[in-house]
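Presented below is the structure to which this report refers.
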């Protein structure tokens, strides 16, 4: 190849390399731009999800706070004296239902019950919870995410053992049932944590 041809070839090759290099840089910039756009979109989606979560949490907190307000204002129902209940209940039922005791977790006869039916107050028979709202919370006590009727239970603040909890009582006879917490599943986000010994069960026909 003549010297002039070699020079021309070298210049062409250098030009091609420069073009390829420029294209590579442009592609990298484009990819970075696309990545930045994707990251921005992901961040926006995460922010929207967080805002929705905060909104749902806020609504749930307000709902539970209204539950606390109801707990503070309820009036306990009239009840029989201890002699009546000692004659009617077993010692364990009396300790838990009338003296606000708590059964040992994972020991209740109805803890693993999955049959369809209605759970009632063991003291007076008032219907309290539907089996369709029972779920396994892993706590060791029968758990429900809703009551059969808002009028079925009374709520009261319980400050025993240095804790602030909401006690659940039968609205008919004042029997201690358990407590309600705000860590349950949808749609209520509530967990009625109930002593098995406080409950009776009526299976569906």
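Numbering (the UniProt record's numbering), first residue to last: 1 to 205. Think of the CB as a built atom: it goes at the ideal place given N, C-alpha and C, for glycine as much as any other residue. If you're wondering where the values come from, they're calculated on a predicted model, not measured in any experiment.
In angstroms, rounded to a whole number, what distance separates the CA positions of residue i and residue j?
i, j, result
"residue 157", "residue 115", "32 Å"
"residue 203", "residue 186", "25 Å"
"residue 53", "residue 183", "Interpretation of residue 53 is limited by its pLDDT of 47, a score under 50 that renders its predicted location unreliable; the figure taken from the coordinates is listed afterwards. When rounded, the distance between both Cα atoms is 15 Å."
"residue 127", "residue 162", "31 Å"
"residue 159", "residue 101", "14 Å"
"residue 97", "residue 155", "15 Å"
"residue 134", "residue 110", "11 Å"
"residue 137", "residue 151", "24 Å"
"residue 197", "residue 190", "21 Å"
"residue 82", "residue 145", "31 Å"
"residue 169", "residue 181", "14 Å"
"residue 88", "residue 95", "12 Å"
"residue 130", "residue 201", "10 Å"
"residue 205", "residue 194", "24 Å"
"residue 164", "residue 117", "32 Å"
"residue 147", "residue 85", "25 Å"
In the DSSP assignment, what residue or residues form a beta bridge with residue i?
i, result
"residue 119", "129, 201"
"residue 208", "Here the chain comprises residues numbered 1 to 205, so residue 208 is not present and cannot be evaluated."
"residue 178", "168, 194"
"residue 156", "167"
Run through DSSP, which three-state label would residue i get?
i, result
"residue 170", "strand"
"residue 162", "helix"
"residue 92", "helix"
"residue 86", "helix"
"residue 151", "helix"
"residue 214", "Residue 214 falls outside the range modelled here, since the chain spans only 1 to 205, and no answer is possible."
"residue 104", "coil"
Using a 10 Å radius around the Cβ and a threshold of 16 neighbouring Cβ atoms, would you call residue i buried or exposed?
i, result
"residue 192", "buried"
"residue 176", "buried"
"residue 149", "exposed"
"residue 199", "buried"
"residue 93", "buried"
"residue 188", "buried"
"residue 132", "exposed"
"residue 112", "exposed"
Counting only beta-carbon separations shorter than 8 Å, does residue i have a partner in chain C?
i, result
"residue 154", "Although the question refers to chain C, the structure presented lacks it and comprises just one protein chain."
Take every Cβ of the stretch 101-108, pair it with every Cβ of the stretch 130-143, and state whether three or more of those distances are shorter than 8 Å.
-> For the pair of segments examined, the stretch 101-108 was found to touch the stretch 130-143: the number of CB pairs separated by less than 8 Å reaches three.
So, do the stretch 116-126 and the stretch 161-180 have three or more beta carbon pairs nearer to each other than 8 Å?
-> yes
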